[in-house]
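Below is one structure, written out as structure tokens; comments come after it.
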């Protein structure tokens, strides 16, 4: 855990946290392995939002949210990854993507 200096205009209001991306599941959304994503803490999101979801209280993942009836679909932005569908009791939204930082 460390502190990251982020321009306030990137964040807006609310509490935030940053995560380092691991893997290539969101490359078609412009989110690459090693990027730092800025997440606004929240416990709900709308269809189409990119969220950090906690699956079964153990796996955190960054995916696009799709609500399908009573189920929740977590969609990658890479055709090499399948959409994962869960019952609502298995997913807890941790926050919504609001920004991205990348070092070249």
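Residue numbers (our numbering): 1 to 104.
Even glycine gets a Cβ: it sits at the ideal position worked out from N, Cα and C.
Query: Given residue 14 as reference, the closest of 42, 67, 22, 52 once Cα atoms are compared; Result: 42
Query: Sub-8 Å separation of residue 67 and residue 76 beta-carbons; Result: no
Query: Residue from 47, 26, 44 whose Cα sits closest to the Cα of residue 37; Result: 26
Query: Under 8 Å between C-beta atoms of residue 72 and residue 50; Result: no
Query: Residue 91 (DSSP reduced to helix, strand or coil); Result: strand
Query: Buried versus exposed call for residue 95 [16 or more other C-beta atoms within 10 Å across all chains shown]; Result: buried
Query: From 17, 19, 33, residue whose alpha carbon lies closest to that of residue 104; Result: 33
Query: Test item: CB-CB of residue 45 and residue 74 under 8 Å; Result: no
Query: Residue 76, DSSP secondary structure in three states; Result: coil
Query: Residue 10 - DSSP class collapsed to helix/strand/coil; Result: helix
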